[in-house]
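Residue numbers (the working numbering): 361 to 583.
Structure below.
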């Protein structure tokens, strides 16, 4: 399995944003429809109460879809965070750095060889973004960059390593552990929020349905 990154969306953050967006949209819709159900209760409108029930049912479906997407996201990112794939990616960055040095020696792309900017290739951008966002270095530590990722290479220089946002302060914080920790934490928060909102939606839908039935059949509740 190779590391595939498209449109500079390093950790598929667009998909994660979409998942959170679905949850936020459902929660906002739930809050807004509270005004509707309040009005419907005061006016004793069965139609509006049934509309409210339908909206709540839609919110539940959206929540379930978002939950499935979040589980799929977490699974794919956990695969991305495997040691083998991360080492493969890190090795490609080191290989590219030696290619740039070779080009400099032959005075080809001289300015590119001298540049301390992060290359535009996907692998380099992935590590630059990940190490900056998660405040980590290498797969398990900064030593991965210096030791050439266990390859027959000398590793990167301090300047090259720093250009990838890997700093001495994070030398012992490997990205593999940080990525898994972030994924698990986000999944827990997402799951807790989803369950809380679902419980509220189910209770609200039940109460609205009960009220609508009571209005439709007042004789059943006559003293």
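Glycine included, C-beta positions come from ideal geometry on N, C-alpha and C.
Fair warning: this is a prediction, and the values are worked out from it, not measured in the lab.
| Asked | Found |
| --- | --- |
| Nearest neighbour of residue 446, chosen from 394, 539 and 423 [CA to CA] | 539 |
| For residue 529 and residue 429, the rounded distance between their alpha carbons | 35 Å |
| Distance, residue 426 Cα to residue 549 Cα | 13 Å |
| Three-state secondary structure (DSSP) of residue 499 | coil |
| Nonlocal neighbours in the same chain, by C-beta distance under 8 Å from residue 408, ignoring five residues either side | 396, 397, 399 and 400 |
| For residue 565, the nearest candidate out of 394, 379 and 381 (CA to CA) | 394 |
| Cβ shell of residue 575 (< 6 Å), same chain only, five flanking positions each side left out | 404 and 406 |
| Contacts around residue 503, its chain only, beta-carbon distance under 6 Å, and the 5 residues preceding and following it disregarded | none |
| Of the listed residues 483, 402, 420 and 392, nearest to residue 382 (C-alpha basis) | 420 |
| Beta carbon proximity, residue 525 to chain B, threshold 8 Å | Note that chain B does not occur in the displayed structure, where there is just one protein chain. |
| As assigned by DSSP and simplified to three states, the class of residue 545 | helix |
| Cβ-based neighbour list, residue 572, same chain, cut-off 8 Å, excluding 5 preceding and 5 following | 406, 409, 410 and 413 |
| Buried or exposed (CB count within 10 angstroms, at least 16 for buried), residue 471 | Caution applies to residue 471, whose pLDDT of 48 falls short of 50 and renders its modelled position unreliable; the model cannot decide the point. |
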